[in-house]
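Student:
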Amino acid sequence: MTRKKVLVTGGAGFIGGNFVQYMVNKYPDYDIYNLDLLTYAGELAKHKSIEDKENYHFIQADIADMAVINKLFSKTGFDYVVHFAAESHVDRSITDPGVFVRTNVLGTQVLLDAAKAAGITKFLHVSTDEVYGELDFDPETFFTEETPIQPNSPYSASKAASDLLVRAYHETYGMPVNITRCSNNYGPYHFPEKLIPLTISRVVNDQKVPVYGDGKNIRDWLHVWDHCSALDLVLHQGVSGQVYNVGGHNERTNLDVVKTIIRTLGKSEDLIEFVTDRLGHDKRYAIDPTKLEALGWMPQYSFETGIAQTIQWYQENEDWWRPLLKRV
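The numbering of the sequence shown is this note's numbering, which starts it at 1 and goes up by one.
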């Protein structure tokens with residue numbers, strides 16, 4: 001039987017890195033190719049446990065480099081592409097939008113062209129609920145796959161543009177694609193500029209924890225391992241051309257998240273420091289994942305169990321995250 005070849009872009013990052021490990025371990029008969037440029041948020045130390053496995057392969061490359069990407073596709077003959085690679089930090093997009101457009105839009109277009117020429121089985125584009133804009137605080141309102149796209153930051157605008165390119169390649173060329181849009185992820189190997197790992201690292205070090213505005217912005221939290229299982233399902237069973245929302249049923253205010261971490265680590269809430277709110281800071285994200293659940297997926301982690309596991313992981317793996325603090 002011919003071995004399936006799966007290209008995972010951005011596999012040295014947080015979600016992509018967890019997905020690479022998930023796929024390498026679950027599918028020993030698949031060859032998993034991790035393509036990453038290794039920018040500031042990408043690192044390979046997380047893959048020490050799989051780097052010697054026969055079905056794991058690493059490629060350092062820029063997804064926006066057309067010549068390199070075309071050569072890679074023609075040489076390797078991928079069956080699947082799972083596309084994570086993206087600039088993803090909202091604050092950085094506010095100060096330097098151009099980098100986000102190049103990677104997130106042009107890079108996606110380069111990959112789509114190469115995948116189209118190669119006749120791949122499935123192109124799975126991993127996006128974000130931020131492309132929908134924001135919700136109000138009405139607990140009965142949710143993002144669905146039919147919610148209009150209304151991005152509010154340069155980051156989410158660049159992701160929305162890439163989503164629309166993927167859709168267009170399906171509609172125009174008949175390319176087999178899926179788009180997933182997830183809520184906020186958390187879990188092991190999360191780069192420490194993001195809210196949860198930043199808070200953990202600050203609290204462990206008895207440093208002030210910055211909270212934007214009044215801390216009442218709400219996010220729907222999804223454990224990264226639940227996200228990986230959802231992507232696996234969509235990759236193999238998703239209906240071509242369809243969008244699937246991935247949510248964790250775990251809405252919390254940012255302030256609640258910070259207080260939970262402080263309480264779990266046995267520290268004082270005096271560490272909380274309210275700071276000037278982020279420009280264009282969306283009020284609330286919340287996903288209705290009914291369409292995905294109809295395929296047979298359900299999240300396995302409540303926020304309580306997931307955040308406890310995550311905090312414990314960071315306590316046990318300081319040698320991984322402490323060197324990264326200088327990049328934040």
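Just so it is clear, CB atoms sit at the ideal spot from N, CA and C, and this is done for glycine as well.
Predicted, not measured: the structure shown is a model, and the values here were computed from it.
Using the three-state DSSP reduction, which class does E273 fall into: helix, strand or coil?
Tutor: E273 falls in the strand class under three-state DSSP.
Student: Which word fits P154, buried or exposed, when buried means at least 16 other C-beta atoms lie within 10 angstroms of its C-beta?
Tutor: Under this definition P154 is a buried residue.
Student: I'd like the list of long-range same chain contacts for G413, defined as Cβ closer than 7 Å, with 5 residues on each side in sequence excluded.
Tutor: Residue 413 lies beyond the stretch modelled for the chain, which goes from 1 to 328, so this question has no answer here.
Student: Buried or exposed for N254, going by 16 or more other Cβ atoms inside 10 Å?
Tutor: So N254 ends up on the buried side.
Student: What is the rounded straight-line gap between the Cα of S74 and the Cα of A118?
Tutor: Going from the Cα of S74 to the Cα of A118 covers about 7 Å.
Student: Since L292 sits in a beta bridge, which residues does DSSP pair it with?
Tutor: According to DSSP, which records beta bridges pairwise, L292 is partnered with nothing at all.
Student: Using a Cβ-Cβ cut-off of 8 Å, state whether T310 counts as contacting chain E.
Tutor: Reference to chain E is not applicable here, since this structure consists of a single protein chain.
Student: With which residues is N178 paired in a DSSP beta bridge?
Tutor: In DSSP, N178 forms a bridge with L124.
Student: Tell me whether P139 is buried or exposed, calling it buried when 16 or more other Cβ atoms sit within 10 Å of its Cβ.
Tutor: Under this definition P139 is an exposed residue.
Student: Name the two residues that bound the continuous beta strand (DSSP E) containing R252.
Tutor: R252 -> beta strand (DSSP E) spans 251-253.
Student: For Y173, which residues in the same chain have their Cβ closer than 6 Å to its Cβ, ignoring the five residues on either side in sequence?
Tutor: So the list reads K116, once near-sequence residues are dropped.
Student: Give a yes or no on contact between the region 270-288 and the region 140-151, applying the rule of three or more CB pairs nearer than 8 Å.
Tutor: Contact between the region 270-288 and the region 140-151 is present, because at least three Cβ pairs lie under 8 Å.
Student: Closer than 7 Å by C-beta to A157: which residues in its own chain qualify, once you throw out the five before and the five after it? Chain order, please.
Tutor: If we look at A157 and ignore the five residues flanking it on each side, its Cβ neighbours are P151.
Student: Could you say if the region 24-38 and the region 46-55 meet the contact criterion of at least three C-beta pairs nearer than 8 Å?
Tutor: Contact between the region 24-38 and the region 46-55 is present, because at least three Cβ pairs lie under 8 Å.
Student: For the region 156-215, which segments carrying the alpha helix (DSSP H) assignment without a break, of at least 4 residues, lie completely within its bounds, in sequence order?
Tutor: Listed in chain order, they are 195-204.
Student: Write down every uninterrupted run of the beta strand (DSSP E) in the region 29-105 whose length is 3 residues or greater and which is fully enclosed by it, in chain order.
Tutor: For the region 29-105, whole beta strand (DSSP E) runs of length 3 or above, ordered along the chain, are 30-36, 56-60, 80-83.
Student: Residues in its own chain within less than 6 Å of M329 by CB, not counting five upstream and five downstream?
Tutor: Outside the displayed range of the chain (1 to 328) lies residue 329, so it cannot be described from this structure.
Student: Are the region 199-212 and the region 256-275 touching, with three or more C-beta to C-beta distances below 8 Å?
Tutor: With a cut-off of 8 Å, the region 256-275 and the region 199-212 count as touching, because enough Cβ pairs lie within range.
Student: With which residues is F143 paired in a DSSP beta bridge?
Tutor: The partner list for F143 (beta bridge, DSSP) reads I287.
Student: Are the CB atoms of V126 and T180 nearer to each other than 8 Å?
Tutor: Yes, the Cβ-Cβ distance between V126 and T180 is below 8 Å.
Student: For N245, write down the residues that DSSP places opposite it in a beta bridge.
Tutor: DSSP lists R181 as partners of N245.
Student: Measuring CA to CA, which of I94, T128, G187, G77 is closest to I120?
Tutor: Considering only alpha carbons, the answer is G77.
Student: From E87 to W221, what does the alpha carbon distance come to, in whole angstroms?
Tutor: Spanning the two alpha carbons is a distance of roughly 20 Å.
Student: What does L357 pair with, by DSSP beta-bridge criteria?
Tutor: With the chain represented from 1 up to 328, any question about residue 357 goes unanswered, as that position is not in the structure.
Student: Quick check on DSSP: helix, strand or coil for W297?
Tutor: Correct three-state label for W297: coil.
Student: Considering only the alpha carbon of each residue, which of T276, S302, E130, S162 lies closest to T147?
Tutor: Among T276, S302, E130, S162, the Cα nearest to that of T147 belongs to E130.
Student: Start and end of the beta strand (DSSP E) containing D136?
Tutor: Premise fails: D136 is in no beta strand (DSSP E) and is neither H nor E.
Student: Alpha carbon to alpha carbon, what distance is there between K159 and K267?
Tutor: When rounded, the distance between both Cα atoms is 37 Å.
Student: Tell whether a beta-carbon distance below 8 Å holds between C228 and F19.
Tutor: Yes, Cβ-Cβ distance for C228 and F19 is below 8 Å.
Student: Considering Cα atoms alone, identify which of M298, G248, D163 is closest to L233.
Tutor: Ranking M298, G248, D163 by Cα distance to L233 puts M298 first.
Student: Work out the CA separation of V82 and T9 for me, nearest whole Å.
Tutor: The alpha-carbon atoms of T9 and V82 are separated by roughly 6 Å.
Student: Identify the continuous beta strand (DSSP E) that holds L222 and give its terminal residues.
Tutor: Here the beta strand (DSSP E) through L222 covers 218-223.
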